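Participant: In this text, residue positions in the sequence shown follow the numbering used here: the first is 170, and each later residue adds one.
The beta carbon of each residue, even a glycine, is placed where N, CA and C say it ideally should be.
In this text, all values refer to a predicted model and were calculated from it rather than measured experimentally.
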Amino acid sequence: MESHGNAVQCIFLCEFHTIAGPRITIQVPSDYVSKDVFQTVSRYIIPKVQQLQRTFICLNAFHFNVCFVFASTTRTVAFEPVVRKLTEYLIDLELSSKLLSHVADGDLFSCLQNLLTRVRNDINSNGVCLLQEGSTTIPLCVTAPECGEAAAGVVVGPHHAPIILPAFHTYARDQWDLTTLRLLPYITGFNHISRISALADVALDLVRECIRHLVALGVALLVPLFQYSNMYRPTPKLAKLAKCLALQKRCVAQCSKLPARCDVRDVFRMFASMAHGATYGEICVRFNPAALNINDRQMVLFGLVEGLIRTVHRYPVSIRRETLSEEGRSSRPLPRALPSAHTGSHRPTLPFTGFKCTHEICCSAGISSHQLHAILERDQACVVLYR
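1) Using CA coordinates, which residue listed in E263, K525, L262 and C236 is at the minimum distance from P250?
2) Curious, which full-length beta strand (DSSP E) runs of at least 3 residues does the stretch 350-400 contain?
3) How would you label S487, buried or exposed, when you count the other beta carbons within 10 angstroms and need 16 or more for buried?
4) Just mark P428 as buried or exposed, buried being the case when its beta carbon has 16 or more other beta carbons within 10 Å.
5) Which residue's Cα is closest to the Cα of S537: F395, C551, K409 and L477?
6) Drop a sphere of 10 angstroms on the beta-carbon of Q196, count the other beta-carbons inside from all chains shown, and report buried for 16 or more, exposed for fewer.
7) Starting from I180 and walking both ways along the beta strand (DSSP E), at which residues does that stretch end?
8) Considering only DSSP beta bridges, list what L300 is partnered with.
9) How would you label H539, buried or exposed, when you count the other beta carbons within 10 angstroms and need 16 or more for buried?
10) My parser needs the beta strand (DSSP E) runs of 3 or more residues fully inside the stretch 207-285; what are they?
11) Just the C-alpha distance for L221 and Q282, rounded to the nearest angstrom, thanks.
12) Given R434, which residues of its chain have a CB within under 7 angstroms of its CB, disregarding the five upstream and five downstream residues?
13) Assuming E529 and H382 are in contact, meaning their beta carbons sit under 8 angstroms apart, how far apart are those beta carbons, in whole angstroms?
14) Compare the beta carbon distance of N399 and Y449 with 8 angstroms and say whether it is the shorter of the two.
15) Using the three-state DSSP reduction, which class does V202 fall into: helix, strand or coil?
16) Is the Cβ-Cβ distance between A176 and N290 less than 8 angstroms?
17) Mind the definition here: the stretch 200-219 touches the stretch 257-267 only if three or more C-beta pairs lie below 8 angstroms; say whether that holds.
18) Is it true that the CB of V392 sits closer than 8 angstroms to the CB of V474?
19) Please determine, among L255, S425 and V552, the residue with the shortest C-alpha to C-alpha distance to F524.
20) Could you tell me the distance, in whole angstroms, from the CA atom of M468 to the CA atom of D370?
21) By the DSSP assignment, the beta strand (DSSP E) with R192 in it spans what residues?
22) Considering only their Cβ atoms, is the gap separating C183 from P198 smaller than 8 angstroms?
23) Does A459 pass the burial test, meaning 16 or more other C-beta atoms within 10 Å, or should it be called exposed?
24) Using a 10 Å radius around the Cβ and a threshold of 16 neighbouring Cβ atoms, would you call N457 buried or exposed?
25) Looking only at its chain, what residues have a beta carbon closer than 8 angstroms to the beta carbon of L368, apart from the 5 residues adjacent to it on each side?
26) Among the candidates D343, A247 and F185, whose CA atom is the shortest distance from the CA of F239?
27) What does a CB cutoff of less than 7 angstroms around C379 pick up in its chain, not counting 5 residues either side in sequence?
28) As a quick exercise: from I362, V436, N464 and K217, pick the residue whose alpha carbon is nearest that of K426.
29) Quick one: grab the DSSP three-state call for H522.
30) Around the Cβ of F231, are there at least 16 other Cβ atoms within 10 angstroms (buried) or fewer (exposed)?
31) Just how far apart, CA to CA, sit C310 and T256?
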């Protein structure tokens, strides 16, 4: 976990006193924010009723706020979720035990001061602080600003297959949310997003959002769905496999069919033979990886993760869309995987526009690659682009 040094210079809790007005109740370290400095910003921390655009005043209401103090050069956007979660946690404490409104009590004061001290120290040293609320653990995690920007640019389709990277295990298990922990056993690099959603019994949109953030954090990677009908091509990085000893050790560890160990030369030969037009199934028939102690599925996954090979995607395109009538502009309707009873409902038509690869079409239509291949073979008005 990346250290944030002394990014959080101070944390203080303030409240609106019925006589003294806004005041600081607790701050760690002590006396970091002077009374004069606080008075200049107190109206922004505990706003007046007019600033809250309210037309009435709540009598006997308890107003408080918690503030983090940073240097003027610190980019604070990464700490905003931490402040928000800590505030919600303190509200729960106040509603359940009146901890904040009775902070004048010596024991409660020490308890709250120790809490804020632990939050500041853990955030500065580890970037995360775990708060315990009964049987629930609330993680206060500082995420790099770049991660939020990166997550917005990550496209996670139902046909993508995520895989966990070694960086994931540098985090403590209890730092992850319940959704991530529920999906974790199914993120193998061979299950696509839709299948993970079904296996884990989690909503598809929630799975996609979870995987998107894991990819943005750099602890997961999206790879194309593995099929023996896929075609792969070696990349210029394949030359590293012949020179880099560390890469060779990872290759043997991940591609071997245990308990035996494979030979790096055999893996290199299979990667190098991935010529255009040859499916991976045909390559396996030619080399017989089982006899070479090679786990053929793990070998492809290793090559994709390390960038030694890439997938050649196939994009069907209907070439008669401009000349056919409106009803005939698309290819034949794709069959459903589990057709319903004869209800007379019209089966939707999915056009081959060239924007969706065969993996995405199969996943969205619920058919196998063999079924789609048969449809494309019969369709005289459709061509397939390889890229």
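Facilitator: The short version:
1) C236
2) 389-392
3) buried
4) exposed
5) F395
6) buried
7) C179 to H186
8) I307
9) exposed
10) 233-238
11) Per-residue confidence for L221 stands at a pLDDT of 48, beneath the threshold of 50, marking its modelled position as unreliable; no derived number is given.
12) none
13) Actually they are not in contact, since the Cβ atoms of E529 and H382 sit about 22 angstroms apart, beyond 8 angstroms.
14) yes
15) coil
16) no
17) no
18) yes
19) V552
20) 29 angstroms
21) G190 to V197
22) no
23) exposed
24) exposed
25) Y355 and N360
26) A247
27) T348, T349 and L352
28) N464
29) Strictly speaking, residue 522 in this sequence is Thr, with His absent from that position. T522: strand per DSSP, three-state reduction.
30) exposed
31) 14 angstroms
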